[in-house]
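Participant:
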Amino acid sequence: MNMMDYVVSRVLQGIPLLFGITIVIFVVLMVLPGDPARLIQGEHATPEMTAYLTEKWGLDQPLHIRYVRWLSGVLRLDFGRSLWTNRPILPTVISHLANSLLLGIPAIIGGALLAIPIGVISAIKPNSKTDSLSRLAALVGLSIPIFWTGLLMQLFFSVRLGVLPVSGMAGTLFSVERIQSLILPVVAVVIVGAAMDGRVLRSSMLEVINKEFILTARAKGLSMREVLRTHALPNAILPFFTMMGLHMRMVLGGLVVVEAVFAWPGIGLLFWQSVSNRDYPTVQACALVVATGVFLVNLLVDITYAYLDPRIRFAGTEGR
Amino acid sequence: MGLTGGDGVRDGDLQESILGLENLRTCFYTQGAVVRAVDGISLEIRSGEIFGLVGESGSGKSVTALSIMRLISSPGEITEGRIIFRGVDLVELSEEEMRRVRGDKISMIFQDPTAFLNPIMKVGKQIAEPLTLHRGLGGSAARSTVLELMGLVGIPDPEQRIDDYPHQLSGGMRQRILIASALACQPDILIADEPTTALDVTIQAQILDLLRELQRELGSSILLITHDLGVIAEMCDRVAVMYGGHIMEVAETESVLGAPQHPYTAALLESLPQLSQSKERLQVIPGNVPSAVTPPPGCRFHPRCSYTEAVCIEKMPSLVQLADGRQVACHRCI
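Now the structure itself:
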């Protein structure tokens, strides 16, 4: 199948999917307990005010009317205004998403760059000292909760040494302050990512190294280093890309815990705050934007896979 | 470079030894046990011949091949003996020096072309690897040599196929790709380890024909490893029969197959199905292949041999040369 046809058909398949998601998002939120009209008034809620807000926000309308009204707004990229801040929702969601990506993408790349040497070295000499050490490190990295490593790092680098900001997103994009405020949260994510990726790469490397074609490559006179670089790694990297996709989905969903610990204004934090505040329109917008993002990431992973693995790319042209 | 420019086999070359194994022993160390997969074998392969190595599964054929390539990996090890190639002992070479031999002077093809090709590398690139490595060919020079090689091994439309991936080719074509890659540097010896076992019968014949043709054109020697006596009869100038890590008999193919001297060879031949006697039950060799961990004392074959005497249990027979030039390891022949 032609690559372009493949992409187009995948995008078309995504339309009913996303439509279904809008229904789920809407219905689930509507049946959740908690009345935003009451909640927003805090302790001094009055029945009159509640009735007024309920009518103003259209919460007294039947569900399907509210859904159609909401969806028609969504299709015009108008998610309405936040019940909490009264600001337009979409710009808020997008800037929070951008902040999450700013934290997540360097973290994913950093984790992968760390994982490749770890995975390869442990696979070349399985059960060696290096392998055992990396296995232990991975276990530690995966077992310690991310908020704990986050807190420890804050305590040490920010409180004790005072070299990095405790939390928050400082400065403008690419400013020194921004980069400094990124370091701790990124490292917290890198630790977990590298541990996971390193283990995945080790096992897929081990599998590939024992494949017969590695023997062919060695029989040609290639050095072990060359064999690893040109034959083993390109084959072993395939499952690795699945991991990258998984991480990316995690970032889109917001690294809620990390964002909360470091007060990083990402989409996870926005999501969490909006849910606590019963800010339905914002929650809906977050959910839909994230779902769309996840869909796009899946598409990207599949395309990358097809690019890297000719057996997928040429499925259907076999035996021509 | 002229790939087809070889002037074939000259009669004078036939007697010249190109590869000699002297008392080669390869062991595998597994959980307290030592598996003596190849247990002190001596062989000589001559320039320009097709030499067959035949035996049952587990007799040590493939380990012999991998030992020659020095590709035995842990927990295996060559523990004893010499592998003399053009006067140089390969066992003594450093890994670095050995790499220059592999794929250039001695190359190898394997049983299952599907598993032995990298699934995500274009076949042209896989053929070109030894050329780049040993001859420094790159870019268009490598490409044109690869096209020439692909034509030589009988791949139709090489231009169309060079950028294909292995899964786009048939099994027979894949084996041709492996052969092209192995012959790229015109090696002195091609080791073919069961090259047709994984292929359809009709394709098997084509691949064997191709190997014989190429051997004539390029003048390489071939060490052909197989369990199939039919293949041996078809292809080989001389043959060694291997059993339990030992060589039982070495001679010209006609004399081994026509008048076997070792009881094992004779039993092996009797166990072949014959079209003329299709109604009869097949002869089987009683018993099982000996354990490589605790081999029987004396002659490896004595528990299954119908001529066993006391000496066979006590003493391992050595390979001795008979008057007609053949070598046999059996007390009856001494």
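Sequence lines, in order, name chains A and B.
Counting in my numbering, the first sequence runs from 135 upward without gaps.
Counting in my numbering, the second sequence runs from 600 upward without gaps.
Ideal Cβ positions, reconstructed from N, Cα and C, are used throughout, including at glycine.
(1) Thinking just about the alpha-carbon of each residue, which of K914(B), I644(B), L730(B) and V883(B) is nearest to the one in G702(B)?
(2) Return the first residue and the last residue of the alpha helix (DSSP H) that L692(B) is part of.
(3) Between T438(A) and chain B, is any beta-carbon pair separated by less than 8 Å?
(4) Do you know whose CA, among R645(B), I671(B) and S616(B), lies nearest Y628(B)'s CA?
(5) Looking only at its chain, what residues have a beta carbon closer than 8 Å to the beta carbon of H930(B), apart from the 5 residues adjacent to it on each side?
(6) Between the Cα of Q759(B) and the Cα atoms of L751(B), V752(B), G770(B) and L746(B), which residue gives the shortest distance?
(7) Beta-carbon of L748(B) versus every beta-carbon of chain A: anything under 8 Å?
(8) State the Cα-Cα distance for the pair R312(A) and N432(A), rounded to the nearest angstrom.
(9) What first and last residue would you give for the alpha helix (DSSP H) that runs through Y201(A)?
(10) Tell me whether R363(A) is buried or exposed, calling it buried when 16 or more other Cβ atoms sit within 10 Å of its Cβ.
(11) Between the C-alpha atoms of H178(A) and V227(A), what's the straight-line distance to the nearest angstrom?
(12) Rounded to the nearest angstrom, what separates L403(A) and V342(A) at their Cα positions?
(13) Mind checking A185(A): buried by the 16 CB within 10 Å criterion, or exposed?
(14) Which residues does DSSP pair with D923(B) in a beta bridge?
(15) Output the distance between the C-alpha atoms of M130(A) and I708(B), rounded to the nearest integer angstrom.
(16) Taking the alpha carbon of A664(B) as the point to measure from, which residue in G619(B), V634(B), G770(B) and R685(B) has its own alpha carbon closest?
(17) Counting pairs of Cβ atoms below 8 Å between the stretch 369 to 385 of chain A and the stretch 316 to 336 of chain A, do you hit three or more?
(18) Can you give me the C-alpha to C-alpha distance between T161(A) and G154(A), rounded to a whole angstrom?
(19) Does the stretch 214 to 227 of chain A come close enough to the stretch 360 to 374 of chain A that 3 or more CB-CB pairs lie under 8 Å?
(20) Considering Cα atoms alone, identify which of G275(A), S410(A), S338(A) and N344(A) is closest to T376(A).
(21) Is there a C-beta anywhere in chain B that falls below 8 Å from the one on P444(A)?
(22) List, in order along the chain, the chain B residues whose C-beta lies closer than 8 Å to that of F347(A)?
(23) Beta-carbon of E793(B) versus every beta-carbon of chain A: anything under 8 Å?
(24) Three or more C-beta pairs under 8 Å: does that hold for the stretch 164 to 184 of chain A against the stretch 430 to 446 of chain A?
(25) Quick one: which chain A residues come within Cβ less than 8 Å of R698(B)?
(26) Could you compute how far the alpha carbon of H861(B) sits from the alpha carbon of V690(B)?
(27) Residue ranges of each beta strand (DSSP E) run of no fewer than 3 residues wholly in the stretch 763 to 844 of chain B, ordered along the chain?
(28) Would you say N261(A) faces chain B, with C-beta separation under 8 Å as the test?
(29) Count the other C-beta atoms from every protein chain shown that fall within 10 angstroms of the C-beta of F290(A), then say buried if there are 16 or more, exposed otherwise.
(30) If I follow the unbroken alpha helix (DSSP H) through M384(A), where does it start and stop?
(31) Within the chosen definition, does the stretch 820 to 832 of chain B reach the stretch 847 to 867 of chain B through at least 3 CB pairs nearer than 8 Å?
(32) Three or more beta-carbon pairs under 8 Å between the stretch 395 to 409 of chain A and the stretch 747 to 767 of chain B, yes or no?
(33) If you compare alpha carbons, which of R352(A), R269(A) and A419(A) is closest to M668(B)?
(34) Give the DSSP bridge partners of S706(B), in chain order.
(35) At a CB-CB cut-off below 9 Å, which residues of chain A make contact with S780(B)?
(36) Might you give, ordered along the chain, the residues of its own chain that have their beta carbon closer than 7 Å to the beta carbon of A241(A), omitting 5 neighbours on each side?
Facilitator: The structure says:
(1) L730(B)
(2) It is not in any alpha helix (DSSP H) - L692(B) carries neither H nor E in the DSSP assignment.
(3) no
(4) I671(B)
(5) C898, E908, V910, C911, K914 and P916
(6) L746(B)
(7) no
(8) 30 Å
(9) L197 to L209
(10) exposed
(11) 30 Å
(12) 41 Å
(13) exposed
(14) In the DSSP output, where bridge partners are listed per residue, D923(B) has none listed.
(15) For residue 130(A) there is no data in the structure shown, the boundaries of chain A being 135 and 454.
(16) G619(B)
(17) yes
(18) Note that residue 161(A) corresponds to Val in the displayed sequence, not to Thr. Roughly 11 Å separates the two Cα atoms.
(19) no
(20) S338(A)
(21) yes
(22) A714, F715, L716, N717 and P718
(23) no
(24) no
(25) G355, L356 and S357
(26) 30 Å
(27) 788 to 792, 820 to 825 and 837 to 842
(28) no
(29) exposed
(30) L367 to L386
(31) yes
(32) no
(33) R352(A)
(34) L789(B)
(35) T350 and K354
(36) V320, V323, V324 and G327
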